[in-house]
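In this note's numbering, the protein residues as written are 8 to 88.
The beta carbon of each residue, even a glycine, is placed where N, CA and C say it ideally should be.
Presented below is the structure to which this report refers.
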Amino acid sequence: KAGGGNGALTETGTKIIKYMQDNPNIILFTSKSIGDGIFLSSRSVSGSMQKLVKDGYCYKEGKDPIKYGLTDDGKTLAIDK
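Here it is as structure tokens:
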């Protein structure tokens with residue numbers, strides 16, 4: 008669970024990416040919908056999303072609510088299930 012901008016995923020980041028990968032029929036997710044799916048507060052999710060966006064695994068769209076999608080890197084990221 009290393010931090011820093013080297014693309015290392017946190018435990019929460021890993022859960023978020025896995026959840027998004029496991030729901031390919033949903034294009035854009037809100038922090039709340041992800042939080043509901045992985046049993047975390049939307050506040051925890053949005054903190055992690057900022058890092059995932061910065062690291063290039065997700066992109067951000069719109070506001071009120073902000074929605075997130077997976078980039079190609081996020082879609083192809085191998086996560087140990």
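- If you draw a straight line from the Cα of glutamine 57 to the Cα of glycine 20, it comes to about 10 angstroms.
- Residue pairing from DSSP places tyrosine 75 in a beta bridge opposite Phe36, Lys67.
- In this structure, DSSP gives serine 48 a state outside helix and strand, which the three-state scheme calls coil.
- By the Cβ neighbour-count rule, isoleucine 23 is buried, with 16 or more other Cβ atoms within 10 Å of its own.
- It is roughly 6 angstroms from the alpha-carbon of tyrosine 66 to the alpha-carbon of leucine 77.
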